[in-house]
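One gets this note's numbering by counting positions in the sequence shown from 1 and adding 86 to each.
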Amino acid sequence: MIDRAQVQKVAFLARLELDEQEEERFTRQLQSILGYIEELQTLDTKGVAPTTRAIEVNNIARTDDLQPFENREGILDNAPARMEDFFRVPRIME
């Protein structure tokens, strides 16, 4: 199980300043969480199909079909800078 020294180490690494009450509270909370995880690990999951969700859902997004844009030149004409059929933007990385 987790102890107060481990909570202090994690707090140090996370650059958190915890007082004694917070250290004690977080120690108890983390012990409770880890205890629950240990309890879950004892469950027999043979025959249970792996899943990533509690309920099955399907992707309802539409297909991404390419469609020509009617006024491409009009948009490009309003660009502050242009190179052929693209917006020209300032370089942000060397």
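Cβ atoms here follow ideal geometry from the backbone N, Cα and C, with glycine treated the same way.
Please confirm if the stretch 93-106 is in contact with the stretch 120-127, defined as three or more CB-CB distances below 8 Å between the two stretches. no
Along the alpha helix (DSSP H) that carries G133, what are the first and last residues, could you check? Neither: G133 is in no alpha helix (DSSP H) and is coded neither H nor E.
State buried or exposed for F173, treating a residue as buried only when at least 16 other CB atoms are found within 10 Å of its CB. exposed
For R158, which of helix, strand or coil comes out of DSSP? helix
For R139: DSSP bridge partner residues: R139 pairs with nothing; no bridge assigned.
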